[in-house]
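Encoded as structure tokens, the structure appears first; notes follow it.
Protein chains: 2
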Amino acid sequence: MTTTGQQLFTMLTAEGELILELSEETFAEPTGSQVLVKMEAAPINPSDLAILTSAADFENAHYSPGKVVAKMPEPFLSGQKARHGQRLPAGNEGAGTVVATGDADQAKALMGARVACVPGNAFSQYALADAGMCLPLGDHSVEDGASSFVNPMTALGFAENAKMDGAKAMIHTAGASNLGQMLIKICAEDDIELVNIVRREEHVELLTKLGAKHVVNSSADSFMADLRAAIDATDAFYGFDPIGGGKAVDNVFKAMEQVAVAKMSEYSRYGSNQQKRMFIYGRLDFGPTILTPSYGFGWTLSGWLLTPFLQKAGMETVMRMRQRVLDNLTTTFASSYKRKVDLEGMLEKEAILDYKQMKTGEKYLVTPWG
Amino acid sequence: MTTTGQQLFTMLTAEGELILELSEETFAEPTGSQVLVKMEAAPINPSDLAILTSAADFENAHYSPGKVVAKMPEPFLSGQKARHGQRLPAGNEGAGTVVATGDADQAKALMGARVACVPGNAFSQYALADAGMCLPLGDHSVEDGASSFVNPMTALGFAENAKMDGAKAMIHTAGASNLGQMLIKICAEDDIELVNIVRREEHVELLTKLGAKHVVNSSADSFMADLRAAIDATDAFYGFDPIGGGKAVDNVFKAMEQVAVAKMSEYSRYGSNQQKRMFIYGRLDFGPTILTPSYGFGWTLSGWLLTPFLQKAGMETVMRMRQRVLDNLTTTFASSYKRKVDLEGMLEKEAILDYKQMKTGEKYLVTPWG
């Protein structure tokens, strides 16, 4: 039995053209623990945009049905040399119905079930996935389950990572994001103090209504003072940042250090002994990360990715996290979407220019069967 | 019994004047495990310059015997707010003769001995030190012992830290420095592969003569290719940087990632899984640290300071390290000095403008008794 269907590919040529294109593909029969999922819903996440749109010029791109060709400027063209000429699938996660399985019992048990999965080619009418990584959705809809991996597991991962590191409070620099809103609920459930940084006054209200106790607005004149007060109140010397570029992390380290120094009785040229720990888990800002020499030597900054974290955390923790997601799929871990598009629709100019901005609360859902 | 002598103080006023001044001080009688050391030699280390000269304008300063007043520009004036108005002693380390002791046996045993110590006010004719932190120099001269703590223990600390972290190779971005030259010998003794980055072609020769196997010149057109080749040959994904500002660390992370990516069979938008680890242990460049988004998320950057490291390493390790320094004081851990100055001499314009440049191989030694 062979299955054919539409799938999206993204290719960056050495000459600087980013080509997004639908293609009729043949999907192999699942073997062993594999299942073939008829993909019915897949969110466009920031992590997908890294290869889908990156820094290419979609304002002046060439659009035709099922195909877009956009120029990639430097230094982003050279910076992605390793992918030049490679035809890459896209779409980390999604949900659909299992239509064929391999011989393993684990796979066969899923036949006909609605599942969420992380195939890496979710922008497709079909995808092969490993049964062990599939989350059976039971009575939940594919729309409820489409975003059940990336954001929920990342937000839960922050809480798990904090517990591993003995941190009882944390800062999140994108408090109003879909992930940030999940984190507010997770931290409340897990007794972790959370300082939310947002960019707009209306987001302060939004998060406060969700139960957030500490929300500071980075656009306010009092931002640094507000941030210091929140750190002082929570002892949050630990945090996560999806912005990456600019001074988002620098501001946090500065405020942390100022809080710590204010408690020192003696001046030290080396700064405080307070260890300050931040993780960058995204690149909403493609610019370089700027770290000013204003918080001594007691700080550590790391990149953070979900997959290596889950590997480090171990299978037992991962299974516990996934069960928690399933148990709270329509509450703590609910996602909402601004608009649904099919595969052709996601390659239209208006759609791309909109979803590539990654605005808070304006996520797109791809429904490959329309 | 009271002892009086000259001591250097540094003060930064809120109005932006950095004042370096000699003062006649009375030194308290040592009690308990304390000893009073007649200070005979103290090096001017980069870590001393952080409070001694910082970013002040010594070209246009006002000089008088035993006193200098220099303007501190922004943002360095505001950045050091915590020390405004504080009269700080200076001089991390030095060596001299114990002339009085407290009652503890450990202290009394040092009476009359030549010792190296880390009093924090080594630019002084006398200093109180804890006997437990003194290194008895035996037949070694005070000049041999003056620099036996900061650079030797830092260089040994890198090797110890690498072993704790399971790293068998490391990169040092200031290979030709006094500390860098020690590190070459330590790494050879401890079977740690070392990649040295230097800024001048003559330093390549210098370090090669010292037995360094991997020396790359950051001024060469082939720098990045040379660095990649050295990382590929050594598997050095771990390193230490005293520059801090600019792209010193960024270049290293980039080269590490390029080496790792070249070994990957499949492209990943998240970069390689190779963990890349760097530590900033100094601020030779006061500018901000620039981290470009060109090495994925598998990296960690920390500040590194000797004292917290030694606390973490524990007393047993520290004692072993100190013994190793003493056993190799005139070989592996030898320091050389460009010039000797007394306390008044270290406040003269010509001297300050020279030593504040922190040039390789041009360290000053302060001899408080002339």
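Protein chains in written order, with numbering that gives the first Met the number 0: chain A, 0 to 369; chain B, 0 to 369. For glycine and all other residues, C-beta sits at the position ideal for the given N, C-alpha and C. None of these values were measured; they are calculated from a predicted model.
Say whether chain B places a C-beta atom closer than 8 Å to the C-beta of residue i.
i        : result
A/Pro118 : no
A/Gln85  : yes
A/Pro287 : yes
A/Gly144 : no
A/Gly165 : no
A/Val260 : yes
A/Asn272 : yes
A/Leu35  : no
What is the rounded straight-line gap between the Cα of residue i and the Cα of residue j?
i        : j        : result
B/Glu361 : A/His171 : 46 Å
B/Ala40  : A/Asp225 : 48 Å
A/Phe222 : A/Asn216 : 6 Å
A/Met163 : A/Gly210 : 25 Å
A/Arg227 : B/His202 : 46 Å
B/Gln257 : B/Ser293 : 9 Å
A/Leu346 : A/Lys66  : 7 Å
A/Gly156 : A/Thr52  : 26 Å
B/Val317 : B/Leu206 : 28 Å
A/Gly244 : B/Gly270 : 17 Å
A/Val117 : A/Pro287 : 30 Å
B/Thr12  : B/Arg199 : 38 Å
B/Ala232 : A/Met10  : 32 Å
A/Phe252 : A/Gln274 : 10 Å
Note the first and the last residue of the continuous beta strand (DSSP E) segment covering residue i.
i        : result
A/Gln79  : A/Gln79 -> no beta strand (DSSP E), and no H or E assigned at all.
B/Cys116 : Arg113 to Cys116
A/Pro287 : Asp284 to Leu290
A/Glu192 : Glu192 to Val197
A/Phe278 : Lys275 to Ile279
A/Thr299 : Trp298 to Gly302
A/Leu205 : Not the beta strand (DSSP E): A/Leu205 falls in the alpha helix (DSSP H), residues Glu200 to Lys208.
B/Tyr266 : Per DSSP, B/Tyr266 belongs to no beta strand (DSSP E) and is neither H nor E.
Look up residue i in the DSSP assignment and say whether it is helix, strand or coil.
i        : result
A/Leu342 : coil
B/Met357 : coil
B/Glu28  : coil
B/Thr233 : helix
A/Met169 : strand
A/Asn44  : coil
B/Ala99  : strand
A/Asp56  : strand
B/Pro72  : coil
A/Lys66  : strand
A/Ala106 : helix
A/Glu370 : The shown model of chain A, from 0 to 369, leaves out residue 370 of chain A, and the question about it has no answer.
A/Ala94  : strand
A/Leu364 : strand
A/Leu136 : coil
B/Pro88  : strand
I'd like to confirm the pairing. Which residues does DSSP put opposite residue i in its beta bridges?
i        : result
A/Leu11  : A/Leu17 and A/His83
B/Leu35  : B/Ala99 and B/Leu127
B/Val214 : B/Asn195
A/Ser22  : A/Gln6
A/Asp240 : A/Ile279
At the 8 Å Cβ level, is residue i part of the contact set with chain A, yes or no?
i        : result
B/Pro135 : no
B/Ile50  : yes
B/Ala131 : According to the sequence shown, residue 131 of chain B is Gly rather than Ala. Not closer than 8 Å to any Cβ of chain A, the Cβ of B/Gly131 fails to qualify, so no.
B/Pro42  : no
B/Asn250 : no
B/Ser123 : no
B/Leu304 : yes
B/Gly313 : no
B/Pro45  : no
B/Ser301 : yes
B/Phe296 : yes
B/Ser264 : no
B/Ile176 : Sequence inspection shows Ser at residue 176 of chain B; the Ile mentioned does not correspond to that position. Not an interface residue.
Residue i lies in the alpha helix (DSSP H); which residues open and close that run?
i        : result
B/Asp326 : Met314 to Asp326
A/Asp143 : Val141 to Gly144
B/Leu155 : Val149 to Met163
A/Asn453 : Outside the shown range of chain A (0 to 369) lies residue 453 of chain A, about which nothing can therefore be said.
B/Asp249 : Ala247 to Ala261
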